[in-house]
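Here's the structure, in structure tokens; my notes come after.
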């Protein structure tokens, strides 16, 4: 066992690839859309905010044209809605919409685990999944989570879930998983169901036990077990989000909710 005093590391996060069918979407537009999307999901652009092209362009260091195109793309995804007069504002998601996204994630990611167990896990994917598991184990050796451990945990969690979908080679599945994760509070890249401290550590430890069990079931070619374990793993987060959400109110913007939980 390595020295737990060393700073934990985790694999670099990545996102499922988009299908090549996104005709007409330039790399610049996609890059700007990704940056704005992250600002929304991270809560830096709160729900209800009217997005202005010039301030966004200045913030991102780009011209107005890719910002305008990116906003139109994000509106198609459902993250934005028509604003006052012209332009867009950040959409407010209800509890039902967030839970529906978890339901979709649970079905799709569970199906991915079943598919991998049936077809067999490529060795390079198995190695990268093992890196995720080891990285998570090192983080948990500390015995508590604080701000220093939050980012590497998010990166590890996102990498593991991403690998389990992209390794199927099913582009349609990857795209639908990505779409479900664009709903704030529903992504593997932004784990939102905990507060820093002991409670967070205990929940993360339980979640990482699930990670180990899921990967083990896939390697052992236990298809139905792998599917059931992943579906229960997603439901675990779904229940926690619903519980915390109801402690606030029945309909609330993501930015306000994140501030309340992570303060």
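In the numbering used here, the protein residues as written are 19 to 281. Using N, Cα and C, we set each Cβ at its ideal position, and we do this for glycine too.
CB contact flag (residue i, residue j, <8 angstroms)
i           : j           : result
residue 120 : residue 205 : no
residue 69  : residue 96  : no
residue 235 : residue 225 : no
residue 189 : residue 123 : no
residue 131 : residue 181 : no
residue 85  : residue 99  : no
residue 117 : residue 150 : no
residue 126 : residue 260 : no
residue 157 : residue 170 : yes
residue 55  : residue 89  : no
residue 201 : residue 263 : no
residue 239 : residue 101 : no
residue 152 : residue 216 : no
Beta-bridge pairing of residue i - partner residues as DSSP gives them
i           : result
residue 107 : 68, 99
Which listed residue (the options) has its alpha carbon closest to that of residue i
i           : options            : result
residue 222 : 174, 182, 238, 61  : 174
residue 129 : 260, 200, 232      : 232
residue 258 : 53, 218, 131, 147  : 218
residue 46  : 263, 80, 73        : 80
residue 160 : 220, 49, 62, 61    : 220
residue 252 : 241, 176, 237, 193 : 176
residue 136 : 241, 193, 164, 146 : 241
residue 52  : 148, 172, 187, 196 : 196
Whole-Å CB distance - residue i paired with residue j, under 8 angstroms assumed
i           : j           : result
residue 134 : residue 185 : 6 angstroms
residue 108 : residue 66  : 6 angstroms
residue 237 : residue 144 : 7 angstroms
Going along the chain, which unbroken runs of the alpha helix (DSSP H) with 4 or more residues stay wholly within the segment 110–192? 113–137, 141–159, 165–184
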